[in-house]
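Here is the structure we will look at, set down as structure tokens.
Numbering (the working numbering), first residue to last: 43 to 134.
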């Protein structure tokens, strides 16, 4: 695996993706314990997961366009929440 520094975002931009990241992780944890038997809660969870995932991916797309980040077919972007740095991670 190769990791290359390709950019940086503002603290406000970092805060936005960190909130989405934490929400997505929390919803994924909840999904492990909620069963389809509880239809109302299950449907809300599925809806929230979908909306959060969409916002999460939209943030990456928006920032990639704004900052013109390098990309790779076999790579993904990663953020360091402490430094606001963006890395391109390539699986070799």
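Glycine residues also receive a C-beta, built at the ideal position from the N, C-alpha and C atoms.
Only a predicted model underlies this, so the values are computations on that prediction, with no experimental measurement involved.
- With a threshold of 16 other beta carbon atoms within 10 Å, residue 47 falls short and is exposed.
- With distances taken between CA atoms, residue 93 lies nearest to 62 out of 62, 84, 109, 128.
- DSSP, read as helix, strand or coil, puts residue 120 in strand.
- Burial is judged here by how many other beta carbons sit within 10 angstroms of a residue's own beta carbon; residue 117 has at least 16 and is buried.
- Judged by DSSP secondary structure, residue 85 falls within the alpha helix (DSSP H) whose first and last residues are 81 to 109.
- For residue 131, the uninterrupted beta strand (DSSP E) segment begins and ends at 127 to 132.
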